[in-house]
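So the protein sequences, as listed, match chains A and B.
Heads up: the first sequence begins at 49 in our numbering, then just goes up one per residue.
Heads up: the second sequence begins at 49 in our numbering, then just goes up one per residue.
Taking it in order: structure first as structure tokens, then the write-up.
Number of protein chains: 2
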Amino acid sequence: MHKEAYELSERKKLILRTIIDAYIAGGEPVGSKFLTTNKRITLSSATIRNEMAELEEMGYLTQPHTSAGRIPSEKGYRFYVDSLMRNYRLSSDELRALNNLVQNKISELDSVLEYAGRLVSSLTNYTSLTVKPRTDAVKILRYKILKLNSDGFLLIMITATQTVKTKYIHMTSATDDDGLIRLERALNELMCDIDMNTVTMPLMMQLQAQLVGYDSQVSPVMRCIYEAANESDSGDLKLDGVNRLLQYPEFNNIDTLSSMLEVLERKEDILDVVSKSDKRLINIYIGNEIELAAMRHTSLVFKTISSGSHVVGAIGVIGPCRMDYSKVITTVEYLTLGIAGMISDEEEDSDIYDGYE
Amino acid sequence: MHKEAYELSERKKLILRTIIDAYIAGGEPVGSKFLTTNKRITLSSATIRNEMAELEEMGYLTQPHTSAGRIPSEKGYRFYVDSLMRNYRLSSDELRALNNLVQNKISELDSVLEYAGRLVSSLTNYTSLTVKPRTDAVKILRYKILKLNSDGFLLIMITATQTVKTKYIHMTSATDDDGLIRLERALNELMCDIDMNTVTMPLMMQLQAQLVGYDSQVSPVMRCIYEAANESDSGDLKLDGVNRLLQYPEFNNIDTLSSMLEVLERKEDILDVVSKSDKRLINIYIGNEIELAAMRHTSLVFKTISSGSHVVGAIGVIGPCRMDYSKVITTVEYLTLGIAGMISDEEEDSDIYDGYE
DNA sequence: AATTAGCACTCTCGGGTGTTAAGTGCTAAT
DNA sequence: ATTAGCACTTAACACCCGAGAGTGCTAATT
């Protein structure tokens with residue numbers, strides 16, 4: 049699969065994997081002597097040292113200083129994630145917690161994501177992130193007008209993405225029922241399924257023409273429609289368990305921590321990364337693999353949740369490069385699949401999206 | 049106003065104020081020698097030392113260790129805020145930034161709060177917080193039913209707080225228009241302006257009775273109404289500029305920082321404090337004045353934004369006890385007033401709340 | 001030819017020590 | 001009542017030293 053796979057002997061792979069496992073678990077540089085305690089490695093420390101020196105030369109390991117053990121480099125982690133890592137088996141407790149959330153069928157996606165974030169953070173002990181995707185400008189398929197009282201009416205818009213938006217519109221001058229019916233008809237004739245940025249003067253004039261006598265209503269209505277169509281939910285990123293990062297020695301340094309918090313606060317950047325990501329597979333960014341300079345010492349793992357063809361959210365984890373990738377990946381994948389299933393179940397009940405905001 | 053005001057000679061007050069001003073500005077314990085450089089104080093360091101010793105005995109100052117200068121105690125800060133502090137004058141740059149936000153009439157309250165938070169944080173250099181209040185279970189004043197297609201209809205609910213909620217309801221069995229009209233009428237007769245927790249069996253049976261032939265529709269509708277009424281927007285707290293706290297030496301200690309982040313993550317606690325606060329004046333909590341143990345070393349300043357009689361949000365600042373109270377108070381008050389004004393302007397345009405989510 | 005034992009070397013970490021600077025409290029003089 | 005002067009306390013910093021961990025290299029062993 050990878051060129052590197054042929055570059056390394058089985059023995060080197062074993063040593064590399066053992067080192068990375070140990071470093072992920074303990075967080076301290078791993079020395080040759082420690083490796084001799086591993087049952088699967090029956091070599092003297094000297095031989096291991098030679099192998100480690102070669103692995104370092106090849107770029108899989110680095111040394112914090114000459115008299116310390118080795119720690120994985122980014123290339124090392126990458127190879128580990130791609131080829132070496134063992135599958136994590138969720139414990140029964142963990143499974144129970146995860147299933148609990150999925151089966152508990154909380155109807156609103158927002159709260160599902162909130163609980164999911166909290167759960168992922170507590171299970172993995174890293175910071176979790178949940179994303180609600182941005183919804184771009186949207187086309188409106190159909191209009192309904194509902195007179196509420198003598199002062200105004202409710203404009204109901206059904207969008208192309210099968211959601212409903214409503215706006216209350218205050219009537220500047222009394223408009224009789226006939227006017228509202230004509231307005232509704234005119235909107236449905238002229239303003240359906242078009243890109244709001246292409247509304248031109250001729251169209252506007254046509255609209256005005258159809259509504260002679262009620263044209264004072266047109267401009268507030270148009271404003272509302274325009275707003276509703278462009279209400280781009282710019283995407284929402286929520287984090288949970290930020291303070292968990294503090295327990296890892298790599299963030300005991302104030303500078304590292306500071307740059308980390310800065311990243312977490314630049315939510316647009318993270319949203320950008322998520323929006324540009326693979327929508328079907330799990331995404332793993334290790335250290336500098338992400339373009340953000342301040343994320344040099346952190347890794348990001350996430351997966352989007354899809355319902356049918358469209359993305360409804362994403363769940364992931366942010367933590368140190370020394371992350372328990374195996375556990376994180378398993379947890380995130382299990383949960384995203386579960387939530388996707390839960391949503392598609394729900395959609396069987398109702399074709400249109402039930403409950404929106 | 050305060051008993052303490054009589055306890056202190058003018059000279060003590062001058063010394064105390066000068067110490068607190070200096071400590072807020074510099075963050076380092078203030079010694080007697082430094083105070084002699086102040087033009088308004090024409091005393092020798094020895095005299096000042098005596099006064100400082102007395103102020104310490106009275107509880108306004110403390111000493112980190114015997115050979116350090118003095119720092120204000122919580123009592124000291126409290127007295128400073130209540131009686132000693134000078135008014136801060138916003139600079140023209142600051143005024144411009146603040147006015148810019150207020151005059152820029154962004155229509156959605158959400159984005160206004162978001163920008164306001166960012167602005168407050170950047171102007172004061174502390175962490176800002178913005179709160180959208182929780183909306184409790186709500187009574188529904190009126191129902192409208194709108195048939196969208198043969199599969200289902202839209203249930204529109206106008207609430208007592210003048211907002212509109214809609215739910216799409218899937219029809220299990222085909223229901224003709226007459227059924228929907230009768231459903232709407234029955235809901236408006238029986239289910240208006242009542243507390244959802246008091247819906248009793250007799251009421252349910254009455255409802256069923258009015259809808260003979262269509263009763264299969266009743267239970268999903270009831271479920272939706274119940275959900276809509278109890279969709280308690282549990283309040284939303286957003287923070288901005290968390291990383292700014294790192295620049296203050298009081299948070300250079302990992303433990304302090306950790307407990308701080310923990311507090312920031314327990315948003316419910318902060319929401320609680322805000323919801324129980326004074327709705328008209330600015331609220332200032334210094335250190336332990338707040339019940340949360342982990343906030344021992346932080347202060348919280350905030351003010352709610354009201355439109356007419358109801359609270360639409362709150363803006364504030366979290367920072368070290370050594371906070372530039374004067375600047376923070378002025379900034380927060382100016383901005384909350386500005387936003388309140390901006391909202392009430394808007395409400396002149398439309399009686400009902402225009403644009404909700 | 002591959003592996004291993006042995007050893008000199010390097011580097012960090014923690015503890016101990018001495019010095020410096022800041023600031024105090026007290027006493028006696030003004 | 002105020003102040004000068006002085007002895008005292010303490011944190012902070014720099015410095016040194018030894019212990020411990022781990023390495024790379026060489027020579028011996030399998």
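Backbone N, C-alpha and C define an ideal beta-carbon position, used for all residues, glycine too.
{"Check": "Partner residues on chain A for N86 (chain B), Cβ-Cβ distance less than 7 Å", "Outcome": "Those do not exist, as N86 (chain B) stays about 33 Å from chain A at its closest Cβ, beyond 7 Å."}
{"Check": "Chain A residues whose Cβ lies nearer than 7 Å to that of N291 (chain B)", "Outcome": "S306, L309, E310, E313"}
{"Check": "I193 (chain A) - DSSP class collapsed to helix/strand/coil", "Outcome": "strand"}
{"Check": "Within 8 Å, strictly: CB atoms of G289 (chain B) and T175 (chain B)", "Outcome": "yes"}
{"Check": "Residue from A:M371, A:V321, A:E339 whose Cα sits closest to the Cα of T352 (chain A)", "Outcome": "A:V321"}
{"Check": "Where the alpha helix (DSSP H) through K81 (chain A) begins and ends", "Outcome": "80-84"}
{"Check": "Assigned secondary structure, K375 (chain A) (DSSP; H/G/I helix, E/B strand, else coil)", "Outcome": "helix"}
{"Check": "Contact list for the stretch 209-239 of chain B against chain A, Cβ threshold 7 Å", "Outcome": "V212, T214, K215, Y216, H218"}
{"Check": "Contact list for L194 (chain A) against chain B, beta-carbon separation under 9 Å", "Outcome": "K192, L194, I204"}
{"Check": "Same chain, Cβ closer than 7 Å to L157 (chain A), five either side skipped, listed in chain order", "Outcome": "V360, G361"}
{"Check": "Expected contact under 8 Å - CB spacing of S354 (chain B) and K327 (chain B) to nearest Å", "Outcome": "6 Å"}
{"Check": "Cβ contact check for the stretch 247-264 of chain B and the stretch 235-253 of chain A: 3 or more pairs under 8 Å", "Outcome": "no"}
{"Check": "Where K51 (chain A) falls, given that 16 or more other Cβ within 10 Å makes a residue buried", "Outcome": "Low per-residue confidence applies at K51 (chain A): pLDDT is 46, beneath 50, and the placement is therefore not dependable, though the value from the model is reported in the following sentence. When all chains shown are included, K51 (chain A) counts as exposed."}
{"Check": "Pair within 8 Å by beta-carbon distance, L202 (chain B) and Y216 (chain B)", "Outcome": "yes"}
{"Check": "Cutoff 8 Å; reference G261 (chain A); Cβ partners in own chain excluding five residues on either side", "Outcome": "G227"}
{"Check": "Residue burial classification, A164 (chain B) (beta-carbon count within 10 angstroms, cutoff 16)", "Outcome": "buried"}
{"Check": "Chain-order list of residues whose beta-carbon lies under 6 Å from that of K180 (chain B) (same chain, five-residue window excluded)", "Outcome": "D284, G361"}
{"Check": "Reference I89 (chain A); option with closest CA among A:M106, A:E58, A:L103", "Outcome": "A:E58"}
{"Check": "Minimum C-alpha distance to E298 (chain A) - residue among A:I96, A:P368, A:E105, A:M390", "Outcome": "A:P368"}
{"Check": "Inside the stretch 270-314 of chain B only - alpha helix (DSSP H) runs reaching at least 4 residues", "Outcome": "302-313"}
{"Check": "Cβ shell of S398 (chain B) (< 8 Å), same chain only, five flanking positions each side left out", "Outcome": "Per-residue confidence for S398 (chain B) stands at a pLDDT of 46, beneath the threshold of 50, marking its modelled position as unreliable; no derived number is given."}
{"Check": "Beta-carbon separation (whole angstroms), I363 (chain A) vs T384 (chain A), contact threshold 8 Å", "Outcome": "6 Å"}
{"Check": "Where I302 (chain B) meets chain A, residues with beta-carbon distance less than 7 Å", "Outcome": "L294, N300"}
{"Check": "CB-CB length for S307 (chain B) against A342 (chain B), believed under 8 Å", "Outcome": "4 Å"}
{"Check": "Classification of E55 (chain B) by the beta-carbon crowding that lies within 10 angstroms, buried from 16 upward", "Outcome": "exposed"}
{"Check": "Short Cβ contact (8 Å threshold) for L28 (chain A) with L287 (chain A)", "Outcome": "Absent from the model: residue 28 (chain A). The displayed extent of chain A is 49 to 405, so no value can be given."}
{"Check": "DSSP three-state assignment for V168 (chain A), whether helix, strand or coil", "Outcome": "helix"}
{"Check": "Contact set for K60 (chain A): own chain, Cβ-Cβ below 8 Å, skip 5 residues either direction", "Outcome": "E99, E102, L103"}
{"Check": "S354 (chain A) - partner residues in DSSP beta bridges", "Outcome": "A:V359"}
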